[in-house]
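Read the structure below first, then the notes.
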Amino acid sequence: MVDLIIFLILLASGYGFGRHAEKKHYRSIIAREKELNLIPAIATKLIPATGQLYDSNLVTGNVVISIDYFKRVIAGLRNLVGGRVSSYETLIDRARREAILRMKQQAKSEGAEMVFNIKLETSSIHKGRRNAVGSVEVLAYGTALIPK
Amino acid sequence: MEYSNPELPEGINTSKEHPLKEFLILTAGVTLIISGLILILVLLSDHFAKYIPFSWEKHISLSFVDEAPKNTTNKKNIETYLQNLADKLVLKQPLPDDMTIKVHYLDQDQVNAFATLGGHVYFYRGLLDKMTSENALAMVMAHEIAHVRYRHPIQSLGRGVIFAVIVSTVSSSVGDTIMQSLFNQAGFLTVLKFNRQMEIASDEYAIQSLYAHYGHLKGADDLFKILQDEHGDNEPYEFLNTHPLTTKRLKYIQTSEEKYRPATNAELTALPDQFKKWLANNQK
Chain A
224 MVDLIIFLIL
234 LASGYGFGRH
244 AEKKHYRSII
254 AREKELNLIP
264 AIATKLIPAT
274 GQLYDSNLVT
284 GNVVISIDYF
294 KRVIAGLRNL
304 VGGRVSSYET
314 LIDRARREAI
324 LRMKQQAKSE
334 GAEMVFNIKL
344 ETSSIHKGRR
354 NAVGSVEVLA
364 YGTALIPK
Chain B
306 MEYSNPELPE
316 GINTSKEHPL
326 KEFLILTAGV
336 TLIISGLILI
346 LVLLSDHFAK
356 YIPFSWEKHI
366 SLSFVDEAPK
376 NTTNKKNIET
386 YLQNLADKLV
396 LKQPLPDDMT
406 IKVHYLDQDQ
416 VNAFATLGGH
426 VYFYRGLLDK
436 MTSENALAMV
446 MAHEIAHVRY
456 RHPIQSLGRG
466 VIFAVIVSTV
476 SSSVGDTIMQ
486 SLFNQAGFLT
496 VLKFNRQMEI
506 ASDEYAIQSL
516 YAHYGHLKGA
526 DDLFKILQDE
536 HGDNEPYEFL
546 NTHPLTTKRL
556 KYIQTSEEKY
566 RPATNAELTA
576 LPDQFKKWLA
586 NNQK
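Chains as they are written, first to last, in this note's numbering: chain A, 224 to 371; chain B, 306 to 589.
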C-alpha cells in the first residue's frame, strides 16, 4: 500500500513537473530558433563558391536532458506491447534542437555567417538499473565560417 | 546558391497525442491482457493439478516447525488423538489409495488449522483450546481432509507459481523498481490460499464425513458460532481469515443439518477427559 502511494506520488509529480518543463523548454526553443535563423546550419560539406574568404572554426553545442518518472512508466508499458515511444520522442527532439541552438550561439559569438558540415551525436549517459534510460546527451558540432 | 534554415512546422518529429490518453490506454490494455493470461493459465493449472500423482506432492516438503514444544509427551498424546480422529473420518469416506493424512500439532497461540501439500494437516493450540466437543473438532478435521482429498493445496501452489512467473516476467520488462515491488506484492497475496469455491466444496465433503461418522450433524457449526460471537469488533482470528466465514456458509451447514434430519437422540461426543490438560501443560 505504501509502495502504491509512493508510486502514484512519483507518477503525478513526474507528470506535473515534466509537462511544465517541456512546455517551457519548447517555448524557449521556438523563440531562439527564430532569433538564430540568420545563421543557417547546413549539413553539406562544400562551402559556397562565392569567392568570399572565410576563417573556419569548430563550433559545438552540447546538452543533457533527463526524462521524468511519468515518461519512464509510459515507456515501460510501451516495452510490453510495442509501438511509437512518443514519450521519448519529445525528449530527443528537444535535446537535438537545443544542441543545434547552442552550437549556433557559439558560432554567433564568433561572428560566423554560417555553420557547415554539421553532425549530431546522441548517447544515453545514464542507463541505470536494467538499462532503463535516464537521460540523453546530444552533441552538435560543425564548421563555422567567419568572413575575413 | 543561397543557404538558409526555413522555419519548419511543429509536430513532425513528435506525437501530438496527449500523454495522459496514451497512459490510460496502455494501462488498461496491459491490465486486460495480463488478467486474461492469468485467468487462462489458472484455469488450465486447476484442471491439470488433479492429474499430478499424490506421491509427487509428498516430495514437495513445506515444513512448519514448532518452536521446541515444552512437553513432548503431551504433544504426542494430542497428535495421536487427532490422528485417530482423522483416521476414523477417513475410514467412513475413504481417500484414494496413495493418499494419506498426517496430522500435526503446533504449540502456538494462533487460532487456526490448515491443510498443506502432501496430506499434512496442522492444528494450532489456540484453535484446539476453543473446542467444546469432538464433533466441532471433527468438522474442522473433515474440512481439512477434504482440502487434501480435492487436491486444493497443489492447485493453489499451481496458481501461485503461475502468478509469480507472470508477475516477474512483466515487471522485469517494465524495468522500474517501484513498479516491480508493486507487482510482486499483488502476486504474493494469492499464493497458497484457497478460494471460496474450495471452501464450500470442502464444507460439503466435511458434512458428509460427519454424518457418516456420527449419524448426525449436531455441533458441526459450534466452532464457527463461537469464533464469530467472540471476535466482535476485534480482529478476526486467523482461522476466519484463511477460512472466510460468510453467513452463507454458516447457513449452508445449518440447512444441511435439517436436510440430514438429525436423530432425535443425537448427542455430542465429548473430548477426551485429559484433552484440556494436554493443552494446558503444553503452555510453558
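Note that beta-carbon positions come from the ideal geometry of N, C-alpha and C, so glycine has one too.
Contact list for residue i against chain A, beta-carbon separation under 8 Å
i: GLY334 (chain B); result: VAL304
i: VAL475 (chain B); result: LEU303
Range of the contiguous beta strand (DSSP E) that encloses residue i
i: ILE357 (chain B); result: Careful: ILE357 (chain B) lies outside any beta strand (DSSP E) and carries neither H nor E.
i: LEU409 (chain B); result: Checking the sequence, you will find His at residue 409 (chain B) rather than Leu. That run of the beta strand (DSSP E) goes 407-411.
i: GLU437 (chain B); result: First, the residue type needs correcting, since residue 437 (chain B) is Thr and not Glu in the sequence shown. Taken as a continuous stretch (DSSP letters only), THR437 (chain B) belongs to no beta strand (DSSP E), as it is neither H nor E.
i: ILE252 (chain A); result: Unbroken run through ILE252 (chain A) is the alpha helix (DSSP H), 225-258; no beta strand (DSSP E).
i: LYS425 (chain B); result: Just to set this straight, residue 425 (chain B) is His in the shown sequence, not Lys. Unbroken beta strand (DSSP E) run through HIS425 (chain B): 425-429.
i: GLU504 (chain B); result: Run containing GLU504 (chain B): none in the beta strand (DSSP E); it sits in the alpha helix (DSSP H), 501-519.
i: GLU312 (chain B); result: Premise fails: GLU312 (chain B) is in no beta strand (DSSP E) and is neither H nor E.
i: ALA575 (chain B); result: Where ALA575 (chain B) is concerned, there is no enclosing beta strand (DSSP E), given that its DSSP letter is neither H nor E.
i: THR283 (chain A); result: 277-289
i: LEU269 (chain A); result: Counting along the chain, LEU269 (chain A) falls outside any beta strand (DSSP E), and DSSP gives it neither H nor E.
i: SER320 (chain B); result: Per DSSP, SER320 (chain B) belongs to no beta strand (DSSP E) and is neither H nor E.
i: GLY365 (chain A); result: 358-370
i: THR421 (chain B); result: 418-421
Assigned exposure category for residue i - 16 Cβ within 10 Å defines buried
i: SER514 (chain B); result: buried
i: THR313 (chain A); result: buried
i: LEU259 (chain A); result: buried
i: GLU307 (chain B); result: exposed
i: ILE229 (chain A); result: exposed
i: LYS294 (chain A); result: buried
i: VAL496 (chain B); result: Since pLDDT at VAL496 (chain B) reaches only 47, below the 50 mark, its modelled position is unreliable, and no value is offered.
i: LEU234 (chain A); result: buried
i: MET337 (chain A); result: buried
i: SER507 (chain B); result: buried
i: ALA363 (chain A); result: buried
i: TRP361 (chain B); result: exposed
i: ASN417 (chain B); result: buried
i: LYS380 (chain B); result: buried
i: LYS589 (chain B); result: Only weak support exists for where LYS589 (chain B) lies, its pLDDT of 49 falling under 50; the value from the coordinates is given anyway. Per the 10 Å Cβ criterion, exposed.
i: GLU321 (chain A); result: buried
i: GLY305 (chain A); result: exposed
i: GLU504 (chain B); result: buried
i: ASP351 (chain B); result: buried
i: VAL472 (chain B); result: buried
i: PRO458 (chain B); result: buried
i: ASN318 (chain B); result: exposed
i: LYS523 (chain B); result: buried
i: LEU231 (chain A); result: exposed
i: MET436 (chain B); result: buried
i: THR378 (chain B); result: exposed
i: SER310 (chain A); result: buried
i: GLN502 (chain B); result: exposed
Neighbour list for residue i in chain A, Cβ cutoff strictly below 7 Å
i: LEU308 (chain B); result: Looking at the sequence itself, residue 308 (chain B) is Tyr, so the reference to Leu does not match. Near TYR308 (chain B) (Cβ distances below 7 Å), the residues of chain A are PRO263, ILE265, PRO271, MET337.
Neighbouring residues, chain B, relative to residue i (Cβ below 7 Å)
i: THR283 (chain A); result: Ordered by position in chain B, no residue passes the 7 Å Cβ test against THR283 (chain A), which lies about 18 Å from the chain.
i: ASP316 (chain A); result: ASN318, THR319
i: ILE297 (chain A); result: PRO324, GLU327, PHE328, LEU331
i: THR313 (chain A); result: THR319
i: GLY307 (chain A); result: In the sequence as displayed, the identity of residue 307 (chain A) is Arg instead of Gly. Within chain B, the residues near ARG307 (chain A) are SER320.
i: SER310 (chain A); result: PRO324
i: LEU362 (chain A); result: Here the premise fails: no neighbours, minimum Cβ distance about 18 Å.
Chain B residues whose Cβ lies nearer than 9 Å to that of residue i
i: GLU258 (chain A); result: Neighbours of GLU258 (chain A) on chain B: none; closest Cβ ~12 Å, over 9 Å.
i: LEU324 (chain A); result: Those within 9 Å of LEU324 (chain A) in chain B number zero; the least Cβ separation is about 11 Å.
i: LEU231 (chain A); result: Result: empty, since nearest Cβ-Cβ is about 10 Å, beyond 9 Å.
First and last residue of the uninterrupted alpha helix (DSSP H) at residue i
i: TYR311 (chain A); result: 309-332
i: ALA391 (chain B); result: 377-397
i: SER304 (chain A); result: Correcting the residue identity first, residue 304 (chain A) is Val in this sequence and not Ser. From DSSP, the alpha helix (DSSP H) with VAL304 (chain A) extends over 292-304.
Cutoff 7 Å: residue i Cβ touching any chain D Cβ
i: GLN398 (chain B); result: Of the chains in the structure shown, none is chain D; the protein chains are A and B.
Three or more beta-carbon pairs under 8 Å between the segment 400-413 of chain B and the segment 450-462 of chain B, yes or no?
yes
Name the residues in the segment 310-330 of chain B whose C-beta lies less than 8 Å from a C-beta of chain A; which are they?
ASN310, GLU312, GLU315, ASN318, THR319, SER320, GLU322, PRO324, LEU325, GLU327, PHE328
Determine, using beta-carbon pairs with one atom in the segment 354-363 of chain B and one in the segment 253-270 of chain A, whether at least three such pairs fall under 8 Å.
no
Across the segment 284-304 of chain A and the segment 236-251 of chain A, are there enough close Cβ pairs to call them in contact, namely three or more that are closer than 8 Å?
Between the segment 284-304 of chain A and the segment 236-251 of chain A there are three or more C-beta pairs closer than 8 Å, enough to call the two in contact.
Is there contact between the segment 328-336 of chain B and the segment 315-333 of chain A, where contact requires at least three CB pairs shorter than 8 Å?
no
With a threshold of 8 Å, are at least 3 pairs of Cβ atoms found where one atom belongs to the segment 437-444 of chain B and the other to the segment 338-353 of chain B?
Judged by Cβ distances under 8 Å, the segment 437-444 of chain B makes no contact with the segment 338-353 of chain B, as fewer than three pairs qualify.
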